[in-house]
C-alpha cells in the first residue's frame with residue numbers, strides 16, 4: 689500500500705469512528721432525557737398530590753368559617 693491508500697483508509701476509519709461515537713453520544717443523551725422525564729413526572733405527581741391536599745384543607749377551613757359565621761348570627765338573634 690502506498691501513502692495515499694493508507695491515508696484514504698485512515699480517513700474511512702476516522703469517519704466510521706466518528707459516526708459510532710456520535711451514535712453512542714445520542715444514545716446516552718436519549719437515556720439521560722428519559723431519566724429526566726421520569727423524574728419530572730414523579731415531581732409532577734407529588735405536587736399534584738400536595739395540591740389536592742391543600743384544596744381539601746382550604747375547603748375544610750371554608751366550611752368551618754361558614755359554620756362559625758352561622759353560629760355567630762344565630763347567637764346574635766338569640767342573645
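Numbering (the numbering used here), first residue to last: 689 to 767.
Cβ atoms here follow ideal geometry from the backbone N, Cα and C, with glycine treated the same way.
Boundaries of the alpha helix (DSSP H) in which residue i is found, first to last residue
i: residue 739; result: 691–766
8 Å Cβ shell around residue i - same chain, five flanking residues per side excluded
i: residue 723; result: none
Beta carbon proximity, residue i to chain C, threshold 8 Å
i: residue 731; result: The chain inventory of the structure shown lacks chain C, comprising one protein chain alone.
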